[in-house]
Amino acid sequence: MPPQHLSSSVPFLTEAGLETTIYYKHKINLPCFSGTPLLTSSSGQQLITSLYKAYANIAAAHGMGIILDTRTWRASSAWAEPLKFTEAELLDLNRSAVRLLKEVRRDLEKENPNIRIVLDGVLGPLRDAYETYSSDEISVVAAKDMYRDQISALVDEGVELLSLMTVTNLNEAIAIVELAKEKSIPVAVSFSLESDGKLLGGRSLENAIQSVDTATNGYTAYFGINCVHPVRILQPLQNMPSHLRQRIGLFRGNASLKSHEELDNSDTLDRGDIPTFVDAMKQVLELLPAVKAVGGCCGTDEEHLNAIAGLFT
């Protein structure tokens, strides 16, 4: 059965910036800014669970569904050594991430039988998301080799959707979509944009969507934009042909207007100005008639998510 948000007349919420919340508010170090190591301890799992439930309850309070993510953004084989895991250990953590989500959904459904939750298996770039590297440096075949086992673990454990977040390298995106097609599971590809509304390296969002669709015969369920303040993408979206805006089904905005470089070198959390964030979010959504999921990225928390949900209720 396709995930519920694909047929919903009202978009589902996504999470807010769970990792930035944990790092800045809870003062917990995240190696490689990955939430995966938190899965190795009961305290880490409890913290993740508390945030999952907070997000889900916001959605339920507004009569909306929610998409919850596995903590596996940096859990492909490429990240085993940087995270100091063996590849086998990292695969086990991918499975644990799905099992934790399923437990959370069971608990929430007991409390509220009408709650709607989609289990999203999240994937990420093979290198630093802010690092410029061309598709020539990694082939589609090589990327598939590094993602294949992770995708198998997530799908076999029971996710309903795969989402590639903060991608800028098109060969990685193509590899993910081809592997998802082999598994017959829906997949979303979400691009990280810079302050100029373009991908790292200067490629336009329009070109990125067209390139991935052409290479994969349009298999992607929808494309997304994440990790950028909504103000930054208004002009690029306005300039984009309407048929390509129809392919964008996800937007997760950063709280801050700062660039990725500024955020990456910041010691403090920039929550931004929430009214400015929500007003710009409203304008973005007016340009995205086919949006299926909306929420927050870096620097956003429950207050941002509640404000976004208020746009639909």
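Its first residue numbered 1, the sequence shown is counted upward by one per residue in full-length UniProt numbering. C-beta atoms are modelled at their ideal positions from N, C-alpha and C, and glycine is treated no differently.
Query raised in the report: Quick one, which of 181, 170, 34 has its alpha-carbon nearest residue 202's?
Result: For residue 202, the closest C-alpha among the options 181, 170, 34 is that of 170.
Requested in this report: Would you identify the three-state DSSP class for residue 32, choosing helix, strand or coil?
Outcome: In the structure shown, residue 32 sits in a helix (DSSP, three-state: H, G or I).
Requested in this report: With DSSP as the reference, please indicate the residues paired to residue 222 in a beta bridge.
Outcome: Beta-bridge partners of residue 222 (DSSP): 188.
Query - Collapsed DSSP secondary structure at residue 85 in the structure displayed - result: In this structure, residue 85 counts as coil in the three-state DSSP scheme.
Query raised in the report: With a Cβ-Cβ cutoff of 9 Å, do residue 16 and residue 295 count as a contact?
Result: Between residue 16 and residue 295, the C-beta spacing is below 9 Å.
Query raised in the report: Exposed or buried, residue 32, counting other C-beta atoms within 10 Å across all chains shown (16 or more means buried)?
Result: Exposed, by the Cβ-count rule.
Requested in this report: Measure the Cβ-Cβ separation of residue 66 and residue 127 and say whether it is below 9 Å.
Outcome: It is not a contact, given that the beta carbons lie outside the stated cut-off.
Query - Sequence-distant residues of the same chain with beta carbon closer than 8 Å to residue 234, five excluded per side - result: Answer for residue 234: 280, 283, 284, 287, listed in chain order.
Query raised in the report: Regarding residue 164 and the ligand NAP, is the C-beta to nearest heavy atom distance less than 8 Å?
Result: Only the bare structure without any ligand can be found here, which leaves the ligand NAP out of the picture.
Requested in this report: Return the first residue and the last residue of the beta strand (DSSP E) that residue 233 is part of.
Outcome: Careful: residue 233 lies outside any beta strand (DSSP E) and carries neither H nor E.
Report task. Note the first and the last residue of the continuous beta strand (DSSP E) segment covering residue 296. Result -> Segment 293-296, the beta strand (DSSP E) holding residue 296.
Query - Span of the alpha helix (DSSP H) around residue 148 - result: Element bounds for residue 148: 140-157.
Query raised in the report: Helix or strand or just coil, what does DSSP make of residue 166?
Result: In the structure shown, residue 166 sits in a strand (DSSP, three-state: E or B).
Query raised in the report: Between residue 155 and residue 121, which are expected to be in contact by the criterion C-beta below 8 Å, what is the C-beta distance as a whole number of angstroms?
Result: Cβ-Cβ separation between residue 155 and residue 121: approximately 7 Å, consistent with a contact (criterion under 8 Å).
Query raised in the report: Looking at the structure shown, is residue 252 part of a helix, part of a strand, or coil, going by DSSP?
Result: In the structure shown, residue 252 sits in a strand (DSSP, three-state: E or B).
Query raised in the report: Looking only at C-alpha atoms, which of 3, 70, 271, 12 sits nearest to residue 24?
Result: Across the set 3, 70, 271, 12, the C-alpha of 271 shows the shortest separation from the C-alpha of residue 24.
**Report entry** Given residue 247 as reference, the closest of 227, 218, 106 once Cα atoms are compared
**Finding:** Ranking 227, 218, 106 by CA distance to the CA of residue 247 puts 218 first.
Report task. Please check the pair residue 175 and residue 143, which I expect to be a contact at CB under 8 Å, by giving their CB distance rounded to whole angstroms. Result -> About 4 Å separates the two Cβ atoms, so the contact holds.
Query - Close beta carbons around residue 238, own chain, < 7 Å, minus the five adjacent residues each side - result: Hits under 7 Å: 287.
Report task. Give the C-beta separation of residue 164 and residue 190 to the nearest angstrom, bearing in mind that I take them to be a contact with Cβ-Cβ under 8 Å. Result -> Contact flag correct, Cβ pair sits at about 7 Å.
Query raised in the report: So residue 123 is in the beta strand (DSSP E); what residue range does that whole segment cover?
Result: Its beta strand (DSSP E) spans residues 117-123.
**Report entry** N-terminal and C-terminal residue of the beta strand (DSSP E) that residue 69 is part of
**Finding:** From DSSP, the beta strand (DSSP E) with residue 69 extends over 66-69.
Query - Closest Cα partner of residue 198 within the set 47, 102, 232, 59 - result: Among 47, 102, 232, 59, the Cα nearest to that of residue 198 is on 232.
**Report entry** Per-residue burial, residue 64 [other beta carbons within 10 Å of its own, 16 or more giving buried]
**Finding:** Around the beta carbon of residue 64, 16 or more other beta carbons sit within 10 angstroms, so the residue counts as buried.
Query raised in the report: Do the CB positions of residue 68 and residue 47 come within less than 9 Å of each other?
Result: Against a cut-off of 9 Å, the Cβ pair of residue 47 and residue 68 comes out as no contact.
Query raised in the report: Taking the alpha carbon of residue 256 as the point to measure from, which residue in 241, 291, 274 has its own alpha carbon closest?
Result: Checked all of 241, 291, 274; the closest Cα to residue 256 is 274.
Query raised in the report: Taking the alpha carbon of residue 206 as the point to measure from, which residue in 242, 312, 310, 252 has its own alpha carbon closest?
Result: The shortest Cα separation from residue 206 among 242, 312, 310, 252 belongs to 242.
Requested in this report: Alpha carbon to alpha carbon, how far is residue 305 from residue 314? Give it in angstroms, no decimals.
Outcome: Here the chain has residues from 1 to 313 only, and residue 314 is not among them.
Query raised in the report: For the alpha helix (DSSP H) that contains residue 212, what are its first and last residues?
Result: Its alpha helix (DSSP H) spans residues 205-216.
Query - N-terminal and C-terminal residue of the alpha helix (DSSP H) that residue 277 is part of - result: Segment 274-286, the alpha helix (DSSP H) holding residue 277.
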